[in-house]
Amino acid sequence: MDADNGGRPGPENPPGPLQKQDEPHARQPVNMTKPPSAPAAVAEGDIRASDADRDRVAEILREALAEGRLDPEEHAERIDTVYRAKTMGELEPVVRDLPAAGAGRAQQGPDAYVYGPRAPVPDQNLVAIFSASVRKGRWQAPARINAFALFGSVEIDLTEAVFPQQQVQINVTAVFGSVEIRVPENITLRSSGSGILGNFEIETHDAEDGNAPQILVNGYAVLGSVEAKPKRGAWIRDLRDRVWEDHRALRHELREERRERHHQLRHDRQEWQERLRSARRERRDRFR
Numbered sequence: 042m043d044a045d046n047g048g049r050p051g052p053e054n055p056p057g058p059l060q061k062q063d064e065p066h067a068r069q070p071v072n073m074t075k076p077p078s079a080p081a082a083v084a085e086g087d088i089r090a091s092d093a094d095r096d097r098v099a100e101i102l103r104e105a106l107a108e109g110r111l112d113p114e115e116h117a118e119r120i121d122t123v124y125r126a127k128t129m130g131e132l133e134p135v136v137r138d139l140p141a142a143g144a145g146r147a148q149q150g151p152d153a154y155v156y157g158p159r160a161p162v163p164d165q166n167l168v169a170i171f172s173a174s175v176r177k178g179r180w181q182a183p184a185r186i187n188a189f190a191l192f193g194s195v196e197i198d199l200t201e202a203v204f205p206q207q208q209v210q211i212n213v214t215a216v217f218g219s220v221e222i223r224v225p226e227n228i229t230l231r232s233s234g235s236g237i238l239g240n241f242e243i244e245t246h247d248a249e250d251g252n253a254p255q256i257l258v259n260g261y262a263v264l265g266s267v268e269a270k271p272k273r274g275a276w277i278r279d280l281r282d283r284v285w286e287d288h289r290a291l292r293h294e295l296r297e298e299r300r301e302r303h304h305q306l307r308h309d310r311q312e313w314q315e316r317l318r319s320a321r322r323e324r325r326d327r328f329r
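Every position in the sequence shown, counted from 1, becomes a number in my numbering once 41 is added.
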């Protein structure tokens, strides 16, 4: 040990135990590659809206219109927003202040559907021979509908029909042709037909309400097709919907009457003012 350096080992001396601890360890290679990160979760409001999502929101708006929660102008504005929406976040504010579809609908009792002693509706015959026959829109469904398709097509749409009676029987015959039947969701649909080298497909359905209309499809398809099923989102108009429609029509009539009365009063006032001015002019001319 050298005395000049205070007992510290010289450069020629090996390091002591403490100096061995201060030596840097062998360097390990560092991985500079960035680990792959998990894809960021997409917020629920940013998910793209499908056609089914838009139809579901449109059904909620239709129920709100029928129940009087929305007036026709508000309903039209919101429907336009629904079918222009691209994400779920754009659909949610449209129905934020409305109950979900079916939640605000009262339970239908025995008087939910209007059946009464009305004038009988004559049977409806739809014939398509090398052609097409269509019956749809707002119409009164008779107790019996006869459809015959020969190298043609028949379309029967009952989604907007009025049912004066509870039971409707549809007799179909399709020979090298097709018969397509569409009904509302909340009715009973049954079948007793068959297909002969053809397709006779009926999507049977039992309504929860025993007083709902009942549709029975009979017949056969020979080298043709017969199809009947409920149309998604289409509900039969019950008594409450008809009352709301009558109320809306009455309000429209009252609004028109008030407008006409206002125009008449303004016209009478103008005539009265004109008579006063004429009288003043006559008095001035008399004193001149």
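Positions of the beta carbon are idealized from the N, C-alpha and C atoms, including for glycine. Predicted, not measured: the structure shown is a model, and the values here were computed from it.
Simplified DSSP state of residue i, which is helix, strand or coil
i, result
"E244", "coil"
"R179", "coil"
"L238", "coil"
"A269", "strand"
"L167", "strand"
"R316", "helix"
"F89", "Strictly speaking, residue 89 in this sequence is Arg, with Phe absent from that position. R89 falls in the strand class under three-state DSSP."
"V162", "coil"
"G150", "Confidence at G150 is low in this model, with a pLDDT of 46, below 50, so its placement is unreliable and the value that follows should be read with caution. In this structure, G150 counts as coil in the three-state DSSP scheme."
Start and end residues, beta strand (DSSP E) containing residue i
i, result
"R231", "T229 to S232"
"A215", "Q208 to V216"
"A222", "The question names Ala, but residue 222 in the sequence shown is Ile. It spans S219 to V224 - the beta strand (DSSP E) in which I222 sits, taken as one unbroken run."
"A190", "R185 to L191"
"L139", "L139 -> no beta strand (DSSP E), and no H or E assigned at all."
"V135", "Element bounds for V135: n/a, residue is neither H nor E."
"L264", "Unbroken run through L264: none, as it is neither H nor E."
Reference residue i, options the options, closest by Cα
i, options, result
"G239", "V213, V267, R223 and R119", "V267"
"L167", "A99, V136, T214 and F204", "T214"
"P113", "D198, R289 and L132", "R289"
"V162", "S172, H246, Q181 and K177", "Q181"
"S91", "A126, E104 and R119", "A126"
Segment limits, alpha helix (DSSP H) that includes residue i
i, result
"R97", "D92 to A107"
"E249", "Premise fails: E249 is in no alpha helix (DSSP H) and is neither H nor E."
"D121", "P113 to R125"
"E201", "Counting along the chain, E201 falls outside any alpha helix (DSSP H), and DSSP gives it neither H nor E."
"G130", "M129 to L132"
Rounded Cβ spacing between residue i and residue j (contact assumed at less than 8 angstroms)
i, j, result
"V209", "P140", "With 8 angstroms as the limit, V209 and P140 do not qualify as a contact, their Cβ atoms being about 31 angstroms apart."
"E244", "A262", "Rounded, the Cβ-Cβ distance is 15 angstroms, inconsistent with contact."
"P225", "L199", "7 angstroms"
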